[in-house]
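Chains as they are written, first to last, in the working numbering: chain A, 19 to 316; chain B, 138 to 362.
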């Protein structure tokens, strides 16, 4: 069995006003990758290349052991895909969609589909055109989950959802995570969602991957140090200082490679450490984007 | 290519257009009934032909623009997330739409032919002209299908539908003046002259060429969503 569900190697795609550059990442089977980027960063293009819907100009893409886009039909038999801009057929009912998908996917799980109908408070006889945005997203998610895919690709599925619908969708995704063989690739602008369900994080900005690591590593290695520097005392120099804010006497260091030994080093240098603040994924993402755009190497 | 996937996609399109399809069949049969009941009145016949051609062109444009609608209504990502290649999608759209349209087209053509044959008011010699013009409608619809699939543009589809409708009038006007057509139209027998057969062969060749061009253009596309 292939241990990698997805492998991108040097993938590039050029459009007249936008370029996706050297996208490299690997997604091991059974892991959940959160793909975070601002609008126009390249998330959807990357996902479309992953699904075989857009042909890359350079590099190679393998999904579930299949070369993309050449073997997209075989690969998509094991993929559940939901995107924010995906719509179902308005005049047809949820039940019709379920029957349609069931006729295509041999692993369709009808009892699970009926459980999801109840959990999402959907009625099979409802026509898609009469559903709210949240119900439409939940219907699409139901159709993707009940086919029991090995890889679930979600392109901003929670965008535009009200808080209750968002919570229901995320709760179902959390439940899906119990299956260790299932791999999830989840793109979002909402770092809170990504932080909640992902175990790997990749940041993309302006068509380039700017950072990628385990979520815990991200959260462990990024810190804000609030210091008190006495007069005539130099600020200690550490690797991974990406931003120095505050004042010269009360500086705030943003560090991308935090080590607890840094606190002791500060104290040895005569600098008092007022606080070592953990950073949220959103703060890490924003600083990461800023420093890359300004050309500062973390 | 998976034939079963193509058939599922065609059945999907059939399901989504079945209401309009049945309405078009009923409207066509009602029109033929009205023409027959008018006992050969010229005005009724002209109006009947206009209504039938409108039904065919309208349904053709509706069915053939389903590719444009998939993109416009954002259902294309859903379809393309299924285990299909773009060639299978293109085949389902071109062949499937033309097949669904073909059923309507054949039903109405048979209805017209039967009306001519069983009522005493129309010369049977009219049938070759009717068949030639019906195949011309099929060619126009194939053109709309090819343009719809390759451009996925509503503007292009509207434009080509209008051009196709105008061309249909011009072709009909030109064909009816050909000796091989005009001379047999008012006769009591069904006679396909060499002119009629040649025109039919050209029309079918044009249909095949348009479909081939559409498949070729689609096979060279790299981005589908």
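Even glycine gets a Cβ: it sits at the ideal position worked out from N, Cα and C.
Query raised in the report: Which residue from 24/A, 160/A, 251/A puts its Cα closest to that of residue 268/A?
Result: Here residue 268/A is taken as the residue at index 250 of the first chain, counted from 1. When each option's Cα is compared against that of residue 268/A, the closest is 251/A.
Report task. Output yes if chain A places a C-beta closer than 7 Å to the C-beta of residue 224/B; else output no. Result -> Locating residue 224/B in the second chain gives position 87, where the first residue counts as 1. Chain A, which has no Cβ nearer than 7 Å to the Cβ of residue 224/B, makes this no.
Query - Sequence-distant residues of its chain with Cβ nearer than 6 Å to residue 181/B (five each side left out) - result: Taking the second chain and counting its residues from 1, one reaches residue 181/B at position 44. For residue 181/B, where only same-chain residues beyond five positions count, the Cβ hits under 6 Å are 172, 175.
Query - Where residue 246/B falls: helix, strand or coil (DSSP) - result: Counting from one through the second chain, the residue named residue 246/B turns up at place 109. Three-state DSSP puts residue 246/B in a helix.
Query raised in the report: Since residue 201/A is in the beta strand (DSSP E), which residue starts that stretch and which ends it?
Result: On the first chain, residue 201/A is found 183 positions in, with the first residue counted as 1. Taken as a continuous stretch (DSSP letters only), the beta strand (DSSP E) holding residue 201/A covers 201-206.
Report task. Taking residue 274/A and residue 260/A to be in contact with their CB atoms under 8 Å, please state how far apart those CB atoms are, rounded to whole angstroms. Result -> Against the first chain, residue 274/A aligns to sequence position 256. Against the first chain, residue 260/A aligns to sequence position 242. Indeed, because the Cβ distance is near 5 Å, the residues count as touching under 8 Å.
Query raised in the report: With a Cβ-Cβ cutoff of 7 Å, do residue 81/A and residue 93/A count as a contact?
Result: If you number the first chain from 1, residue 81/A lands on position 63. If you number the first chain from 1, residue 93/A lands on position 75. In contact: residue 81/A and residue 93/A (Cβ atoms closer than 7 Å).
**Report entry** Neighbourhood of residue 212/A by C-beta distance below 6 Å, restricted to the same chain and skipping five residues each side
**Finding:** Walking along the first chain from the start, residue 212/A turns up at place 194. Excluding sequence neighbours, residue 212/A sits near 52, 54, 206.
Requested in this report: Since I believe residue 242/A is in contact with residue 271/A (beta carbons under 8 Å), could you give me their beta-carbon distance rounded to a whole number of angstroms?
Outcome: Counted from its first residue, the first chain places residue 271/A at position 253. Counted from its first residue, the first chain places residue 242/A at position 224. The Cβ separation is near 7 Å, so the contact holds.
**Report entry** Chain-ordered neighbours of residue 158/B on chain A, where CB pairs are closer than 9 Å
**Finding:** Within the second chain, residue 158/B is the residue found at index 21, counting from 1. None at all; the shortest Cβ gap to chain A is about 13 Å.
Query - Buried versus exposed, by CB contacts within 10 Å (16 or more), residue 150/B - result: Against the second chain, residue 150/B aligns to sequence position 13. Answer is buried; the Cβ neighbour count reaches 16.
Query - Rounded separation between residue 138/A and residue 154/A - CA only - result: The count along the first chain starts at 1 and reaches residue 138/A at position 120. The count along the first chain starts at 1 and reaches residue 154/A at position 136. For residue 138/A and residue 154/A, the distance between alpha carbons rounds to 10 Å.
Requested in this report: Consider the Cβ of residue 215/B: report whether some Cβ of chain A lies at a distance smaller than 7 Å.
Outcome: Within the second chain, numbered from 1, the residue matching residue 215/B stands at position 78. Yes, contact with chain A.
Report task. Give the range of the beta strand (DSSP E) segment to which residue 293/A is assigned. Result -> For the purposes of this step, residue 293/A is taken as residue 275 along the first chain, with counting starting at 1. Here the beta strand (DSSP E) through residue 293/A covers 290-296.
Requested in this report: Could you tell me whether the region 211-227 of chain B touches the region 321-329 of chain B, using the rule of 3 or more Cβ pairs below 8 Å?
Outcome: no
**Report entry** For residue 99/A, the three-state DSSP class (helix, strand or coil)
**Finding:** The residue given as residue 99/A occupies position 81 in the first chain. In the structure shown, residue 99/A sits in a strand (DSSP, three-state: E or B).
Query - Closer than 8 Å at the beta carbon, the chain B residues around residue 99/A - result: Indexing the first chain from 1 puts residue 99/A at position 81. What residue 99/A touches in chain B: 214, 218.
Query raised in the report: Which chain A residues are close to residue 221/B, counting only those with a beta carbon under 7 Å from its beta carbon?
Result: Translated into positions along the second chain, residue 221/B becomes position 84. Ordered by position in chain A, the residues that pass the 7 Å Cβ test against residue 221/B are 91.
Query - Residues that residue 320/A contacts on chain B, provided the C-beta gap is smaller than 9 Å - result: In this structure chain A extends from 19 to 316, so residue 320/A is not present and cannot be described.
Report task. Inspect the CB distances between the region 286-295 of chain B and the region 335-349 of chain B and report whether three or more fall short of 8 Å. Result -> no
Query raised in the report: From this set, 255/A, 183/A, 38/A, which residue's C-alpha is nearest residue 150/A's C-alpha?
Result: Within the first chain, numbered from 1, the residue matching residue 150/A stands at position 132. Checked all of 255/A, 183/A, 38/A; the closest Cα to residue 150/A is 183/A.
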